[in-house]
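Single-structure report; data block below.
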Amino acid sequence: MTVKSAALPTATLSARAIGVVFAGEQIGPSEMFGRVARKEPAPGFALSARKTVRLTVATHREPVSTANVVAVLEGSDPVLKHEYVALGAHYDHVGTALRPDAAGDRIYNGADDDGSGTVAILAIAEAMARAGTRPRRSLLFVWHTGEEKGLWGSRYFSNYPTVPIDQIVAQLNIDMIGRSRAPGDSSPANARLTGPDSVYVIGSKLMSSELGALVERVNDRYLEIGYDYTYADPGDPNQFFYRSDHYEYARQGIPIVFYFSGVHEDYHGLDDEVEQIDFRKLRRITQTIHATAWTLANVAVRPKVDTPFGRELLTR
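Sequential numbering from 135 applies to the sequence shown in our numbering.
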């Protein structure tokens, strides 16, 4: 998941520079570094009036190439196979740290963000391909690139789709479904992380009440995961609705569902490692999304869009 847009310009400082800037302040360098190590938030405060910080900025631009990965499993119905149920995740992450941690690690692996969604889509695609029968509609699998840079891959795909965009009946987006809040976890950074048997569902009822009802009906029939709609409102201050690839499909008028287990203390951190993944939860959510996609691909009539994507949502 991409970060929420910063309201102010930001800069990365060296340890030496931080020491100079925060010397003698309300929170000194040692306390600042300690809070970072403990992953504790620090309240904002004004620097002493006598201090002036000047930044000289030099930019370096280097073009790079990247690509979305797209696959289609053709449907079995001679008419409905020209419609598509889209499933998506992003396979990029945030690269490497400027400096290694105490163990010498500087690679942001992104096991949850969004390795969890990437492997979920792979598993669903494999299960669909190996099934004895194919669903009536076609399945469109898209592994997006550049999500962490600002939804680049999904924006490009929605503007230059490989299938007719108006033939995509719904898009199911999977971003960060592999972590659970453990019993007794008191970390403030994990306060919004869902438990082992629940997941946040965002946007499923926003544009299509029929899609929202189908999503719940499938879950009630099969694994009965706890669907949490805390962040379903696009107006929520966390802006989760705008921070992953489904948003670019919604902008095109396609009803969406976003599956998300919540942010945690390792979000965009070096400790987002595979050892932290709750594989039971990952499997159950993946199975539920598989069943949802299969059902969508077989319903007689595509979900009706009864609430068009509002103009006020296009400006975010």
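Ideal Cβ positions, reconstructed from N, Cα and C, are used throughout, including at glycine.
Reference residue i; option with closest CA among the options
i      : options                           : result
Asn324 : Gly312, Leu273, His398 and Glu358 : His398
Arg385 : Tyr361, Val439, Asp354 and Ala245 : Val439
Val198 : Gly280, Ala261, Leu232 and Ile152 : Gly280
Val137 : Ile423, Trp428, Glu407 and His402 : His402
Arg289 : Tyr376, Arg184, Phe167 and Pro177 : Tyr376
Gln373 : Ile336, Val203, Val297 and Lys283 : Ile336
Ala425 : Leu306, Arg414 and Leu404         : Leu306
Ala254 : Gln301, Ile411, Glu358 and Ser292 : Ile411
Val228 : Arg240, Val219, Pro368 and Leu181 : Arg240
Gly387 : Ile299, Lys415, Pro317 and Glu174 : Ile299
Tyr365 : Ala257, Glu382 and Leu340         : Leu340
Ala205 : Ala316, Leu273, Gln421 and Ala257 : Leu273
Val352 : Gly318, Ala304, Leu430 and Tyr383 : Leu430
Val213 : His380, Gln301 and Glu358         : Gln301
Ala245 : Gly346, Ala236, Leu147 and Asp226 : Asp226
Pro269 : Ala427, Thr296, Arg436 and Thr441 : Ala427
Arg417 : Arg315, Glu165, Thr296 and Asp331 : Asp331
Val303 : Thr267, Pro234, Ala220 and Pro163 : Ala220
Thr190 : Thr144, Glu196 and His216         : Thr144
Asp247 : Ala236, Gly266 and Ala223         : Ala223
Phe291 : Asp319, Thr422, Lys415 and Val203 : Val203
Glu382 : Gly287, Ile308, Gly369 and Asp370 : Gly287
Trp277 : Tyr356, Ala257, Ala183 and Ala265 : Ala257
Leu78  : Gly318, His380, Lys415 and Pro371 : The shown model of the chain, from 135 to 450, leaves out residue 78, and the question about it has no answer.
Thr230 : Arg188, Ala237 and Tyr242         : Tyr242
Close-in-space but distant-in-sequence residues of the same chain around residue i (CB under 8 Å, 5 per side omitted)
i      : result
Val433 : Leu348
Ala261 : His424
Ala171 : none
Pro295 : Ile302
Leu147 : Val155
Ser210 : Thr267, Arg268, Pro269 and Arg270
Glu217 : Gly209, Arg271, Ser272, Gln301, Ile302, Val303 and Arg436
Lys215 : Glu208, Gly209, Arg270, Arg271 and Ser272
Burial state of residue i (16 or more Cβ within 10 Å)
i      : result
Asp354 : exposed
Tyr363 : exposed
Val408 : exposed
Gly284 : exposed
Gly360 : exposed
Lys185 : exposed
Phe392 : buried
Phe156 : buried
Thr252 : buried
Thr420 : buried
Leu232 : exposed
Glu208 : exposed
Gly346 : buried
Ser378 : buried
Gly249 : buried
Phe443 : buried
Asp367 : exposed
Glu282 : buried
Thr422 : buried
His380 : buried
Asp406 : buried
Arg264 : exposed
Residues near residue i by beta carbon distance below 6 Å, same chain, minus five either side
i      : result
Gln160 : Phe179
Ser395 : Met310, Ile311, Arg313, Thr328 and Val333
Ala259 : Phe275
Ser321 : Glu399
Ile308 : Ala223, Gly251, Ala254 and Tyr393
Met166 : Phe156
Same chain, Cβ closer than 7 Å to residue i, neighbours up to 5 away in sequence not counted
i      : result
Ala201 : Thr279
Thr441 : Leu340 and Met341
Pro163 : Ile152, Gly153, Phe156 and Ala157
Pro437 : Val303, Ala304, Ser342, Glu344, Leu345, Leu348 and Pro389
Ser338 : Leu345, Gly346, Val349 and Val391
Asp235 : Leu404
Arg326 : Gly396 and Val397
Within-9 Å CB hit, residue i to chain D
i      : result
Ile359 : This model lacks chain D altogether; it includes just one protein chain.
*Unbroken beta strand (DSSP E) runs of length 3 or more, entirely within the stretch 225-266: which are they?*
None, since the stretch 225-266 contains no complete beta strand (DSSP E) of that length.
*Go through the stretch 308-345 residue by residue and report every complete run of the beta strand (DSSP E) that reaches 3 residues or more, in order.*
332-336
*List in chain order: all unbroken beta strand (DSSP E) runs of 3+ residues lying wholly within the stretch 178-222.*
Listed in chain order, they are 203-207.
*Counting only runs of 3+ residues fully inside the stretch 364-425, write out the beta strand (DSSP E) ranges in chain order.*
390-394
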